[in-house]
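Taken in order, these protein sequences are the chains called A and B. Note that the working numbering numbers the first sequence so that position 352 is 341, with each residue one more than the last. Note that the working numbering numbers the second sequence so that position 348 is 332, with each residue one more than the last. We put the beta carbon where it would ideally sit given N, CA and C, even for glycine. For reference, the structure is listed below as structure tokens.
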Amino acid sequence: MRLRRQRRRLNKGIEKEKEKEKEKEKDESIESLFQQLNGSNDFTLSTLPYEEHTLSIGYYSTLIDSEILHRDIFPFLKDLDAISSLPTLLPIEEIILTTDISVVRDNLLKGYTLIFDVNNLNLFGLVKSDVDKTRQVSLPEVEFSVVGPKESFVESLDTNINLVRKRLPIPEFVSKELIIGKLSKTRVSVLYIQGVANEENIHTVIQRLTDLDFDQITDSSMITQLIQDNQNSPFPQLIDTERPDRIATAVAEGKIAILVDGAPHGLIGPTTIFEFFSAFEDYYLNWLVASFFRLVRFFAVLFSILATPIYVAVLTYHYELIPKDMVATLVTSRSAIPLPPILEALVLELAIELLREAGARLPTKVGQTIGIVGGIVIGTASVEAGLTSNVLLIIVALAALASFTTPVYQMGNTIRLIRFPFLLMAHYMGFIGVAISFCYLLIHLLKLTSLGRPFLEPFYPPRVQDFKDALIRLPYSLQSKRPIQEQTEDTMRFNGDKAKKKADPKK
Amino acid sequence: MRKCGGVILEEKQKQISPFLVFFLVHSVQVGVGVLGFQRIIMKSAGNDAWIAVIAAGISINVAIMIMYLLLNKQQKDLIDIHKDLFGKWIGGFFSLIWIIYWLVIGLVVLRSYIEIVQVWVFPLINIMMFSIIILGLVYYNVTGGFRVVAGISFLGVVIPFYIFLSFLFPIEYANFRNLLPVWNHSVKELSIATKDMMLGLLGFSTLLMYYPYIKHPKKSQKWAHFGNLLTIGIYLFILIITIAFFSEKQVSKQIWATLSMWKIVELPFIERIEYIGITSWILIILPNICLSVWAASKGIQKMFHFHLNKVIPVILILLLFATVAIQGRETIDKLNQYLAIAGLGLVFIYLPILTILSFFFTKKRKGNTGNG
């Protein structure tokens, strides 16, 4: 088996080389390249007849900044005596001199300007003059926080790396760039701190990224789906965040971040399920307050998954469970309703999903109206019409609200999805169905890994030390060690003993 | 598999840390038995049954010690020990007995649980569908490898632990004078009760299969003992409350005394807490079934060199048919008794003999190689 695989790999390598050679042959001459490029109307090729020689200049007018062209290139060309002296002549630092046609082609497509002597086709000069049109760094919208920095990533990789690097001005902070996508040629950067991040993790990420064979990468969420350990799981196994401070902290903790050009979100891994429920604001609040909110969020998730199924289970099978005083409330709210609990619940759950989806697809202002109209009008109307009970309406609305407390958007979606199998099982087997679905969920989480590290850590495998920043967040003086989860090369964040002492002058 | 100095241990990534043995040992000992062990042991020992629980705990600790003597010496699992000592055929025969024993443990746990569900929650439940769903869970778990099985053992102990707090409610109505007079039963009666008590505690023998999966296995021995201690603690806690809460005659009429005790619990938002208890109990029996199915399928895989993921479905289908085939209280009770006798024989008679034999033979063999 192994031999065969090796041979196949060898064959593949040979084929690839052959393809490359073919490509080279195809583009051997500059004329054929121009013929190809002239096929699109935004490619400009003009000839400038100077006294001593005739220069030709070519560029994609849509990719380059005409200001650079007019201010920093044209005025100097008059004095040019040979292409080889371009670097000394132009006030631009990135100038490539090459004889290779394929280099010329690739860089033209990146926004370089081609300059060459018509009479001497042996040397081509390429001058970087690309236009940098991205939006301004703005407020985080998905992960907004009241306290703390309010910068978020934009669609430009360089700006994003800048946002992280200015928070980690150390030479050990490394950014490895890869090109992924046959058509999109997307730049993907892997960020980590040398000497802190686990070598194995770094290799895993880089190897998985280089092995990717895909045509077009338009966002980081595609990378998550393509490289995560279990692609058939509804749970995302890499955190995506739009906060540069979160990425910087994660990298400092020994994690590895991935930034994708054109994506306003970065990815973090290896991660655990508990991190999906920690908002980054937790680190800016007092540890007691932060821990309380984390617990609230965690119970919100449990409530969101279990509330409606338990309602269905109790009303379908286990009505003996309801205490006397509560029976009256339930009976009055349900006596007029013709539907069985499961249908009642499904209708309401789907209505809420409908509202959410409509709100998400419509422009912001219309979306708000839809939310109000749907929430209040449809809700009250359906209760008055006797289609659903008041109690269930409250439960479903609360459950939906609870699912929105998850700080990571993708996780919120997952939680809303996994509620439905629970509902169906509750209808089929009551409480036992809910428990069985819960067991399936637990086993699924046990099986999941994030970059090969257990996803349910520190709960399983149990690591007491990592509980300091999972369900609750302990004070910083107790956070002197990096999480075991990351298996960091350097486990100490800072000297814990020193941090506890305060150097106040004694009174 | 990694071989170092002739010792066969599993790959490091598949191994678990030694203290998880605490949960592995404990989780297989607490199963359906906890819900109804009181009647069986109080039949012979009455209000002195708690002595029997302690005696059983001590005997199990001795058995764990013997097991570790054998395993620490051999550093491999039971199947390999059998093969080394008795050769392929006789060794294989003994291994097969153990594999069947583990399978029957899984079967009995599953069937008894279904019986409880039938009696207490859904009288008309479709046993076939219910077993398929539970065995589906087991399949999903066991195919994840030993780490996932150990994981569900851990979660199966930690998550449903809240349920034991509910036993504090009956204390309000308990009469602890029921425990007096102490020692009003003969040693014979107590030893019968001890024997009966041990039936539910014997699942820990799966240790013989997962020993190579423990990192630094020698360090895990104390955790195995602690795991057993926790089990005994829980049984003792429930038994003492039962003795104090019920009279002896009442207990003799309760097949599931623990469940009956839950009827007294009353909370402002919930009545009939036994429903919650039975529901949570799924998480307690799941590790039982998973671990025994894992041990059996691992054994078959090692003996016949099949792929593990092909053995598991076959075993689960066998279990499914057996579960559906068993009908009625008497059959379940009888199966329980046979299993108990087999378990006692295997753990307290066969294992010590095997340990002595293994010491004797390996020493001799070493001497031979030294001379030759």
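DSSP, reduced to helix, strand and coil, places A/ILE85 within a strand of the structure shown. The C-alpha of A/ARG124 lies about 16 Å from the C-alpha of A/LEU52. According to the DSSP assignment, A/ARG176 belongs to the beta strand (DSSP E) that extends over 175 to 182. What A/HIS307 touches in chain B, judged by beta-carbon distance under 7 Å, is TYR259, going in chain order.
Taking a 10 Å sphere around the C-beta of A/ASN149, we find 16 or more other C-beta atoms and assign the residue as buried.
Counting only Cβ-Cβ distances below 7 Å, A/PHE444 has no contacts in chain B at all, with the closest Cβ about 11 Å away. For A/PRO450, the chain B residues whose Cβ falls inside 9 Å of its Cβ are ILE0, SER1, LEU4, ARG131, ALA134, GLY135 and PHE138, in order along the chain. Taken through DSSP and simplified to helix, strand or coil, A/SER371 comes out as helix. Taking the Cα of B/LEU139 as reference, the smallest distance to any Cα among A/LEU295, A/PHE456 and A/LEU435 is reached at A/LEU435.
Close to chain A, meaning a Cβ-Cβ distance shorter than 9 Å, is no residue of the stretch 28 to 50 of chain B at all.
Out of B/ARG256, B/GLY15, B/LEU304 and B/MET287, the CA that lies nearest to the CA of B/PHE153 is found in B/ARG256.
Below the 8 Å Cβ cutoff, chain A contributes HIS307, GLU309 and LEU310 as neighbours of B/ARG256, in chain order. For A/ALA424, a Cβ of chain B is located within less than 8 Å of the residue's own Cβ. Contact annotation: the stretch 195 to 206 of chain B touches the stretch -6 to 13 of chain B, with at least three C-beta pairs closer than 8 Å.
Excluding sequence positions up to five before and after A/LEU381, its CB lies within less than 7 Å of the CB of TYR300, GLU333, ALA334 and LEU337, all in the same chain and listed in chain order.
Excluding its 5 nearest sequence neighbours in each direction, B/ILE147 has C-beta neighbours in its own chain below 7 Å: GLY261 and SER264, listed in chain order.
Less than 8 Å separates the beta-carbon of A/PHE263 from that of A/LEU460.
Secondary structure of A/PRO494 (DSSP, three-state): coil. By the rule that beta-carbons nearer than 8 Å mark a contact, B/TYR195 does not touch chain A. Around B/PHE253, the beta-carbon contacts reaching into chain A at under 8 Å are PRO312 and MET315. Positions of the alpha helix (DSSP H) runs, each at least 4 residues long and wholly inside the stretch 388 to 460 of chain A, are given as 398 to 436 in order along the chain. Residue pairing by DSSP places A/GLU166 opposite A/SER178 in a beta bridge. According to the DSSP secondary-structure assignment, A/ASN109 is paired through a beta bridge with A/ASP106.
In this structure, A/PRO225 is the residue among A/LYS99, A/ASP106, A/PRO225 and A/ILE311 with its C-alpha nearest to the C-alpha of A/GLY401. Per DSSP, the continuous beta strand (DSSP E) segment holding A/LEU44 begins and ends at 43 to 49. With a cutoff of 8 Å on beta-carbon distance, B/SER204 and B/ILE89 are scored as not near each other. At a cut-off of 8 Å, the C-beta of A/LEU291 has no neighbouring C-beta in chain B.
Judged by DSSP in its simplified three-state form, B/LYS199 adopts coil rather than helix or strand. Within chain B, LEU121 and TYR124 have C-beta atoms less than 8 Å from the C-beta of A/TYR429, given in sequence order. The Cβ atoms of A/ASP455 and A/PRO472 lie closer than 8 Å to each other. Residues of the stretch 274 to 298 of chain B with a C-beta less than 7 Å from any C-beta of chain A: none at all.
For B/THR242, no CB of chain A lies under 8 Å from its own CB, so it is not counted at the interface with that chain. Cβ-Cβ distances below 7 Å link B/PHE229 to PRO154, TYR157, ALA158 and MET245 in the same chain, with the five nearest sequence neighbours on each side left out; the list follows chain order. Counting along the chain, A/LEU248 sits inside the beta strand (DSSP E) bounded by residues 245 to 249. No residue range can be given for A/SER267, since it is assigned to no beta strand (DSSP E) and is classified by DSSP as neither H nor E. Secondary-structure assignment with DSSP links A/THR33 through a beta bridge to A/TYR48.
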